[in-house]
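Enquirer:
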Amino acid sequence: MAKLTKKQKEAFSKVEKNKIYNLEEASALVKEVNTAKFDASVDIAVRLGVDPRKANQMVRGVVSLPHGTGKDVKVLALVTPDKEAEAKEAGADYVGLDEYLQKIKEGWTDVDVIVTMPSVMGKLGPLGRVLGPRGLMPNPKSGTVTMDVAKAVAEVKAGKIDFKVDKYGIIHAAIGKVSFEPAKIKENAVELLQTLMKLKPTAAKGVYVKSIYMSSTMSPGIAIDTKSVN
Numbered sequence: 027m028a029k030l031t032k033k034q035k036e037a038f039s040k041v042e043k044n045k046i047y048n049l050e051e052a053s054a055l056v057k058e059v060n061t062a063k064f065d066a067s068v069d070i071a072v073r074l075g076v077d078p079r080k081a082n083q084m085v086r087g088v089v090s091l092p093h094g095t096g097k098d099v100k101v102l103a104l105v106t107p108d109k110e111a112e113a114k115e116a117g118a119d120y121v122g123l124d125e126y127l128q129k130i131k132e133g134w135t136d137v138d139v140i141v142t143m144p145s146v147m148g149k150l151g152p153l154g155r156v157l158g159p160r161g162l163m164p165n166p167k168s169g170t171v172t173m174d175v176a177k178a179v180a181e182v183k184a185g186k187i188d189f190k191v192d193k194y195g196i197i198h199a200a201i202g203k204v205s206f207e208p209a210k211i212k213e214n215a216v217e218l219l220q221t222l223m224k225l226k227p228t229a230a231k232g233v234y235v236k237s238i239y240m241s242s243t244m245s246p247g248i249a250i251d252t253k254s255v256n
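Each residue of the sequence shown is one higher than the one before, starting from 27 at the first, in this note's numbering.
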């Protein structure tokens, strides 16, 4: 492990060992323990009592954070010519079809979210090897495959995020920036966690939410009381 700086040691000392914080306390503390010199992201990691290898225990969903993520999300709209104007008006950063499909085929993935139409999905299939590992493949369940392209683009720009449990049973999500007021960090966290609670698979037995940690880029993790979100 790299040697901690004086500032990092001071930050780590503010997080009491073995203490479980409530969401309000964590949302304030995560700002105090930030040591990055930039506006770091605030992230939440939720360990779930599910087995992601089983299809009936997969947890995936979308949530619209009330205060957005604080990040300028770059959106590519892969649409037919008749949808280009509305995609641009809704705020898509890149709009088109064949020329962008070719760029992706050549390895270009400089976007955060891709929105497309059902009729275009057939063309995206062969690009799964490029888009899949980067989490960029559009999905009807996340609202990124739709005929209402303008609405999908606007929602993503406003703070709608897609989350999915990883192979270790953990959900990772960015819920804001350290420059946010503590109340806004808390409200975004509550929105995500309450959405997660509604997605508990019926096949999952025992404790559903095993642990919750909040952190910022390069900061220590702050343990959150799982009962504070029920």
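Ideal Cβ placement from N, Cα and C applies to all residues, glycine included.
Everything numeric in this text was worked out from a predicted model, so none of it was measured.
#1: Quick check: the stretch 72 to 87 against the stretch 186 to 201, are at least 3 beta-carbon pairs closer than 8 Å?
#2: Would you tell me roughly how many angstroms separate the C-alpha atoms of L104 and G117, rounded to the nearest one?
#3: What's the call for M173, buried or exposed, on a 16-neighbour Cβ count within 10 Å?
#4: From the DSSP output, in three-state form, read off K183 for me.
#5: Using the rule of at least 16 other Cβ atoms within 10 Å of the residue's Cβ for burial, across every protein chain shown, is K32 buried or exposed?
#6: So, is S259 buried or exposed, given that buried needs 16 or more other C-beta atoms within 10 angstroms?
#7: Within the same chain, show all residues whose beta-carbon is closer than 8 Å to that of M27, passing over the 5 residues directly before and after it, in chain order.
#8: Measure the alpha-carbon distance for V41 versus K224 and round it to whole angstroms.
#9: Please work out which residues of its chain come closer than 8 Å, Cβ to Cβ, to A62, disregarding the five sequence neighbours upstream and downstream, and give them in chain order.
#10: Give the single residue among E112, Y234, K131 and I46 whose Cα lies nearest to the Cα of I197.
Expert: Straight from the coordinates:
#1: yes
#2: Going by the C-alpha atoms only, they are around 13 Å apart.
#3: exposed
#4: helix
#5: exposed
#6: For the chain, the structure presents residues 27 to 256; residue 259 sits outside this window and is missing.
#7: For M27, the predicted structure reports a pLDDT of 48, less than 50, and the residue's modelled location is therefore unreliable. A value from the coordinates is still provided. Excluding residues within five positions, none has a Cβ falling inside 8 Å.
#8: 30 Å
#9: V204, S242, T243, M244 and S245
#10: Y234
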